[in-house]
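Colleague:
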Amino acid sequence: MRLSELSFPARRLALIGLAKNTGKTVALTTLLGELEQQGRTVGVTSVGRDGEEHDVIDARIEKPRVALAAGSLLATTDELLRASGLPYELLSETESRTPLGRVLVVRLEGAGIVEVAGPSAAQQVRAVSELMLHHDADQVLIDGAIDRRAASAPEVCDGLVMATGAVLGSEIEEIVTRTAEAVELARLPLLDGDDGVAARTRELAEGHGGHLSALVAGDGSVQELPPRFALRADGAALAELLPVHAAGSHLLVGGAVPESLLEALVELHRRGRELPVVVVGDPTRVFLSSHGVGWYRRQEIELRATRSAPLLALTVNPVAPRSHSFDSRELRGRLDHALEDLPILDVCAPEYPGPDIEPSPDGTSGSPDGASAP
Amino acid sequence: MPREVDLTAVGPYADHLGDGLVQMSFTLPVPYSLAARRAALELAAGMGFEEPEVVHYQQLTEGYTYFVMYGRCTVAIDFSAMQGEGFDIEYMNEDEVERFVEEQIGRRIVVVGASTGSDTHSVGIDAMLNLKGYHGHHGLEGYRSFETYNLGSQVPNGVLLAKAIEVHADAILVSQTVTQQNLHVQNLTELVEMVEAEGRRAQIIMACGGPRVTNELAKELGYDAGFSKGTEPQHLATFLARELAARAPARA
Chain H
17 MRLSELSFPA RRLALIGLAK NTGKTVALTT LLGELEQQGR TVGVTSVGRD GEEHDVIDAR
77 IEKPRVALAA GSLLATTDEL LRASGLPYEL LSETESRTPL GRVLVVRLEG AGIVEVAGPS
137 AAQQVRAVSE LMLHHDADQV LIDGAIDRRA ASAPEVCDGL VMATGAVLGS EIEEIVTRTA
197 EAVELARLPL LDGDDGVAAR TRELAEGHGG HLSALVAGDG SVQELPPRFA LRADGAALAE
257 LLPVHAAGSH LLVGGAVPES LLEALVELHR RGRELPVVVV GDPTRVFLSS HGVGWYRRQE
317 IELRATRSAP LLALTVNPVA PRSHSFDSRE LRGRLDHALE DLPILDVCAP EYPGPDIEPS
377 PDGTSGSPDG ASAP
Chain X
4 MPREVDLTAV GPYADHLGDG LVQMSFTLPV PYSLAARRAA LELAAGMGFE EPEVVHYQQL
64 TEGYTYFVMY GRCTVAIDFS AMQGEGFDIE YMNEDEVERF VEEQIGRRIV VVGASTGSDT
124 HSVGIDAMLN LKGYHGHHGL EGYRSFETYN LGSQVPNGVL LAKAIEVHAD AILVSQTVTQ
184 QNLHVQNLTE LVEMVEAEGR RAQIIMACGG PRVTNELAKE LGYDAGFSKG TEPQHLATFL
244 ARELAARAPA RA
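Order-wise, the sequence lines are chains H and X.
Quick note on the numbering used here: the first sequence kicks off at 17 and runs consecutively.
Quick note on the numbering used here: the second sequence kicks off at 4 and runs consecutively.
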């Protein structure tokens with residue numbers, strides 16, 4: 017299946033990369049091409065910057081340009097719009113100021129190439145996405161940046177596509193492991209069950225603006241945590257807070273879960289303590305770098321989310337720019353073996369389904385017509 | 004006679020407006036010789052300079068020659084397109100910042116700073132925050148209008164953010180040495196994502212600094228501004244004061 021079909025269910029679709037140069041922008045341009053061909057109106061925004069000529073860290077790396085059809089909706093800065101030279105209708109001048117200028121939401125009145133740099137903050141991304149849907153976009157594409165995940169929070173998007181690639185490691189095994197860890201985190205199990213504790217925890221997670229932290233005991237009693245408890249992740253304070261028999265209780269964290277909190281829990285478990293289930297608002301609030309969710313599960317730490325956006329597909333870039341590359345089929349095969357029920361695509365591979373009809377010439381090609389057969 | 008500056012076509016200036024004259028210096032890894040001089044001229048021409056001229060050259064060490072050159076720059080920049088609606092800041096000096104904050108904000112601006120993760124360099128953050136400052140300019144600690152907390156180096160992101168929330172920080176300032184490896188970048192993105200996870204992104208101005216940090220990189224990282232080499236404390240103070248003033252209605 018093509019990326020546009022897989023991502024069809026998400027009216028607000030987030031494209032999230034596991035690192036720089038994993039092929040997010042190529043996935044975006046592929047999607048744009050397919051949606052244009054289907055006659056669908058897209059809205060595009062980026063939490064970073066898209067369509068720039070050169071990589072911001074390594075200027076030797078050339079980046080794909082973003083071509084949009086006339087009628088597309090777009091959130092980008094005033095300066096980048098002016099630089100594109102494209103005609104547009106101004107829909108909204110937002111309050112969002114970025115290091116690259118103030119963000120405008122516009123409808124393009126001509127097709128062409130443009131750099132996309134919308135708001136960075138999740139709340140503002142949500143606002144511009146809703147604005148574009150309000151102005152009749154069929155689907156809004158929210159492009160991520162580097163390894164940022166905040167735009168894939170369930171408040172911001174209805175589904176996400178993840179991009180991984182050779183840039184994650186020099187060995188296939190390393191790429192598979194790191195990708196599987198990221199996928200497992202994005203698909204963190206939801207806190208289900210109708211028993212009193214789970215229901216009480218969900219209720220607390222939904223109130224208080226989603227930012228209450230508390231220990232919910234097996235009998236349903238609630239002990240609110242001191243402010244910033246999880247962020248500081250102090251082992252001694254944690255040992256004091258948790259009852260000796262914490263099994264069956266839930267530790268609800270209303271904000272970020274830094275890895276140090278899980279490490280402190282592992283340490284307590286090693287000293288013979290029973291652990292509560294750790295409950296977070298959604299997967300974007302969990303910050304892991306040393307180990308994945310699976311490793312912590314093997315240390316008896318169960319993580320649950322109260323909400324999440326569905327992961328719809330994984331795109332693979334087998335090339336690490338200016339470094340190494342792998343055989344696309346092999347890499348996809350290994351990933352497919354490690355991951356269950358997840359469509360895996362390389363949109364640049366020859367077997368990726370091409371357009372049903374001849375593509376319209378893109379803005380970069382100088383060819384006068386589409387006469388050449390594919 | 005002074006001429007009006009054409010802001011739509013701004014170029015370098017030496018003797019008179021529009022002359023485009025640039026002075027540059029560089030070293031070539033070739034012996035001090037006539038051929039070296041010719042190589043420098045061709046190199047400058049290759050860079051697009053018209054009428055390149057070597058005004059000084061000397062042996063730097065065995066096999067290396069140092070040049071000072073002039074050349075006429077042939078391109079111009081539309082400066083008018085970079086002002087106004089875009090993200091432009093005219094820097095204030097220390098006294099002007101103090102007055103601006105007093106009048107526009109009416110309280111002290113709270114800033115928490117650190118070098119995060121494994122970065123052991125605190126020199127950048129010290130230059131911006133500490134009284135001693137940088138280049139003869141006070142750090143923000145020396146301003147009446149700022150309340151600063153410098154947590155030092157190798158600070159975990161969670162600890163930095165917890166402190167920022169505790170003291171009701173208006174801004175977080177982090178310094179990182181960005182390398183072509185991803186490590187430091189991940190540290191910077193993790194911090195901004197944690198601020199999102201805590202639901203504080205709208206309340207806290209995020210600024211990052213480091214030798215390779217540009218505004219373009221700051222945008223990708225999700226920060227409100229990036230500061231690089233050449234930044235002095237009053238530049239940062241100007242940005243924070245103006246940004247906070249601009250946001251004030253949203254906070255009320």
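Every residue, glycine too, gets a C-beta built ideally from N, C-alpha and C.
Pairs of beta-carbons, one from the region 219–230 of chain H and one from the region 138–146 of chain X, closer than 8 Å: are there three or more?
Modeller: no
Colleague: Under a three-way DSSP split, which group does Q157/X fall into?
Modeller: coil
Colleague: Would you verify that the beta carbon of S136/H is, or is not, closer than 8 Å to some beta carbon of chain X?
Modeller: yes
Colleague: Give every residue of the same chain whose Cβ lies closer than 6 Å to the Cβ of P32/X, excluding the five residues on either side of it in the sequence, and list them in chain order.
Modeller: Non-local beta-carbon contacts of P32/X in its own chain, meaning distances under 6 Å to residues more than five positions away in sequence, involve Y67 in chain order.
Colleague: If you reduce the DSSP assignment to three classes, tell me which class V63/H lands in.
Modeller: coil
Colleague: Can you tell me whether P214/X is buried or exposed? The criterion is at least 16 other CB atoms within 10 Å of its CB, across all chains shown.
Modeller: exposed
Colleague: Return the CA-CA distance between M4/X and A79/X, expressed in angstroms with no decimal places.
Modeller: Residue confidence is low: M4/X scores 44 on pLDDT, short of 50, so the model does not pin down where it sits. Its coordinate-derived value is still stated next. Cα to Cα, M4/X sits roughly 22 Å from A79/X.
Colleague: Determine whether the Cβ of L34/H lies closer than 8 Å to any Cβ atom of chain X.
Modeller: no
Colleague: Kindly indicate if chain H contains any beta-carbon less than 8 Å away from that of V13/X.
Modeller: No - not a single Cβ of chain H is within 8 Å of the one on V13/X.
Colleague: Just the C-alpha distance for V335/H and F342/H, rounded to the nearest angstrom, thanks.
Modeller: Straight across, the Cα-Cα distance linking V335/H with F342/H is about 7 Å.
Colleague: State yes or no: is the beta carbon of G89/X nearer than 8 Å to at least one beta carbon in chain H?
Modeller: Any reading at G89/X is ruled out, since the residue's pLDDT is 42, under 50, leaving its predicted position unreliable.
Colleague: Indicate whether the contact test is met: 3 or more Cβ pairs, each with one atom in the region 221–238 of chain X and one in the region 112–129 of chain H, closer than 8 Å.
Modeller: yes
Colleague: With a threshold of 8 Å, are at least 3 pairs of Cβ atoms found where one atom belongs to the region 94–104 of chain H and the other to the region 21–34 of chain H?
Modeller: no
Colleague: Of all the residues that make up the region 192–213 of chain X, which are near chain H by a beta-carbon distance shorter than 7 Å?
Modeller: T192, E193, E196, M197, E199, A200, E201, G202, R204 and A205
Colleague: Here's the rule: buried if 16 or more other CB atoms are within 10 angstroms of the residue's CB, otherwise exposed. What is R313/H?
Modeller: exposed
Colleague: Check whether the Cβ of I162/H lies closer than 8 Å to any Cβ atom in chain X.
Modeller: Between I162/H and chain X, the shortest Cβ-Cβ separation is below 8 Å.
Colleague: Tell me, please, which residues DSSP counts as bridged to F242/X.
Modeller: For F242/X, which the question treats as bridged, DSSP gives no partner whatsoever.
Colleague: If you compare alpha carbons, which of S112/H, S168/H, G297/H and L281/H is closest to L291/H?
Modeller: L281/H
Colleague: Any contact between the region 184–198 of chain H and the region 39–58 of chain H? By contact I mean 3 or more CB pairs, one from each, below 8 Å.
Modeller: no
Colleague: In terms of residue numbering, what span does the alpha helix (DSSP H) encompassing V104/X cover?
Modeller: E97 to Q107
Colleague: Pull up the distance between the alpha-carbon of G87/X and that of T92/H, whole angstroms please.
Modeller: At G87/X, the pLDDT of 49 sits below 50, so the modelled position is not reliable; the number obtained from the coordinates is stated separately. In a straight line, the C-alpha of G87/X is about 16 Å away from that of T92/H.
Colleague: Which residue or residues does DSSP assign as beta-bridge partners of T30/X?
Modeller: DSSP output for T30/X lists Y69/X as bridge partner(s).
Colleague: Go ahead and pull the three-state DSSP assignment for P274/H.
Modeller: The answer is strand: DSSP assigns P274/H an E or B state.
Colleague: Closer than 8 Å, CB to CB, is E223/X near chain H or not?
Modeller: yes
Colleague: So I128/X and D173/X are in contact, right, with Cβ under 8 Å, and what is the actual spacing, rounded?
Modeller: That belief does not hold up - the Cβ atoms of I128/X and D173/X are roughly 17 Å apart, past 8 Å.
Colleague: Roughly how many angstroms separate the alpha carbons of G288/H and R65/H, rounded to a whole number?
Modeller: 48 Å
Colleague: For V199/H, tell me which candidate among A86/H, E125/H and M178/H has the shortest Cα-Cα distance.
Modeller: M178/H
Colleague: I'd like the span of the alpha helix (DSSP H) that includes I188/H, first residue to last.
Modeller: I188 to A202
Colleague: I'd like to know if H224/H contacts chain X, where contact means its C-beta is closer than 8 Å to some C-beta of that chain.
Modeller: no
Colleague: Let's test the definition: count the other Cβ atoms within 10 Å of the Cβ of Q140/H and tell me whether it reaches 16, buried, or not, exposed.
Modeller: It is buried - the Cβ of Q140/H has at least 16 other Cβ atoms within 10 Å.
Colleague: May I ask you to report which of helix, strand or coil DSSP gives T217/H?
Modeller: helix
Colleague: Opposite I360/H in the DSSP bridges: which residues?
Modeller: L330/H
Colleague: Kindly identify the DSSP beta-bridge partner or partners of M178/H.
Modeller: Note: M178/H sits in a beta bridge opposite I32/H and L330/H.
Colleague: Below 8 Å, can you find three or more Cβ-Cβ pairs linking the region 337–351 of chain H to the region 45–58 of chain H?
Modeller: no
Colleague: Starting from the beta carbon of Q189/X, find every residue of chain H whose beta carbon is closer than 9 Å, and list them in chain order.
Modeller: A35, I162, D163 and S305
Colleague: In angstroms, rounded to a whole number, what distance separates the CA positions of V295/H and A35/H?
Modeller: 26 Å
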